[in-house]
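Worksheet: the structure to be examined is printed underneath.
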Amino acid sequence: MKNKSIIIIVIQSIAIMCLIWVIIVIGKDEIISDDIGDDENVFVDYTKHDDGLSVIQLPKAVEINSNIKYEEIKKTSYANDSLFYGESINIKPLIELNSNLTAANNKLNRLKVSLAGSKDQLDRLIILNEDNKNVSDGVVREKKIELAILQNEVEALENDRSNIMATIQNEWGEVFTAQFNRQSNGVLTMILSGKNKLIKVTFSPEQIKSGAPKIVNLSSTVESEKNYEGKYFSEVPEVDKNLSGRSFYYLVHNSQIVTGEKFTGHETASSNEKSFLFIPKNTVVWSNGIPWAYIYSKDANEYTRKSLGGIVESGDGWIIEEGNFNAGDMIVTEGSQLLLSEEFKYQIKNENED
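For the sequence shown, numbering that gives the first Met the number 0 gives the first residue as 0, with consecutive numbering after it.
Pasting the structure below:
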């Protein structure tokens, strides 16, 4: 009996020790877990905003471990080839308007001469009629009727001429209207005779931020070896809803160009004073449908995210106009996606805290 009591006491002691050990182990794991959880909730926000731009400032150790690399942005030559298109315009409607206007002007001039002569005749007849009735009242009355008919014809022709000029202005623009109003016009004669061809050139909004170029180089899409110089003439008054941008008329001194012939073009070197930069493709990150790149400032040890506007794909990179980015800037070539992720990670944390 005594032995049985001892055995029971031993078993109970062992059970109590095991229970204590289990409690200690579980408690230790919870403490460790809490410590880890606390560490995970510690954020070091390296981001800030400067004039609306997102800026990241990383410690040197973090930068090295992240393997972030950057290189200098370089200028590039860029001719805008095939960036805009042109087409030789059918000027038959313009020729028809010119013929109608010429006919109206000629007839109007003849009628005005007749009207002036009839007025003189009427004045003489009135004098004679008042001088002892040397001319009858009926003759004077008939001349007045004739004069009124001529006056109505002159007014009708002047109205026709005004309608023709309004059509020219609506369909061809103010520059053409001014050309038609000139008494002697060599420019218009060269267009109507076909010696100067009228080319309609369409530009994107980005290409004409500073206005349409004065001179463009045009290459035929049928015979690429045929190149022409186009000189600015006027803006196209009618907007084509199917095209993005605006269209302008250019004059090419060549009578061999056929109606409907199409061209690709670029500005001449003398008219294109813009500077362009080459941006390697691996520098670009996309967010909200917008391309971005990070610029590194060595002095401040900061990475600034900037948008890439008006980019044009070119081989293994992009071409942009100098402005938002400048030659000599240090652009991140490796680690852009990491920087973007870090930036938005802090933004998400701050939003959650709010």
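Quick reminder that beta carbons are idealized off the backbone N, C-alpha and C, glycines included.
For residue 292, there is no enclosing alpha helix (DSSP H); the residue is found in the beta strand (DSSP E) stretching over 289-296. Rounded to whole angstroms, the gap between the alpha carbons of residue 199 and residue 258 is 11 Å. Between the alpha carbons of residue 275 and residue 320 lies a gap of roughly 4 Å. Excluding residues up to 5 positions away in sequence, 146, 149, 150 and 153 lie with their Cβ nearer than 8 Å to the Cβ of residue 114 in the same chain. Going by DSSP, residue 123 is part of no beta strand (DSSP E) but of the alpha helix (DSSP H) stretching over 91-129. The beta strand (DSSP E) runs of length 3 or more contained entirely in the region 125-199 do not exist; there are none. CA-to-CA, the gap between residue 180 and residue 131 works out to about 49 Å. For residue 303, the enclosing beta strand (DSSP E) has its first and last residue at 301-306. It is roughly 24 Å from the alpha-carbon of residue 102 to the alpha-carbon of residue 196. Straight through space, the alpha carbons of residue 317 and residue 65 are spaced by roughly 25 Å. Comparing alpha-carbon positions, the option among 288, 285, 206 and 292 lying closest to residue 278 turns out to be 292. Of all alpha-carbon atoms in 230, 334, 88 and 156, the one lying nearest the alpha-carbon of residue 260 is that of 88. In this structure the region 286-304 touches the region 324-338; the number of beta carbon pairs closer than 8 Å is three or more. Restricting attention to 109, 142 and 106, the CA atom closest to the CA of residue 117 is found in 142. In the same chain as residue 106, and ignoring 5 residues on each side of it, the C-beta atoms closer than 7 Å to its own belong to 156, in chain order. When Cβ pairs closer than 8 Å are counted between the two stretches, the region 166-178 is seen to touch the region 222-236, the count reaching three or more.
The three-state reading of DSSP puts residue 217 in strand, counting E and B together. The criterion of a C-beta distance shorter than 7 Å is not satisfied by residue 53 and residue 333. Distance from the Cα of residue 99 is smallest, within the candidate group 137, 63, 58 and 166, for 166. By the Cβ-count criterion, residue 229 is buried, with 16 or more other Cβ atoms from all chains shown falling within 10 Å of its own Cβ.
Annotated three-state conformation of residue 254 is coil, per DSSP. Nearest neighbour of residue 204 by Cα position, chosen from 247, 122 and 306, turns out to be 247. With a 10 Å radius around the Cβ and a threshold of 16 neighbouring Cβ atoms, residue 211 comes out buried.
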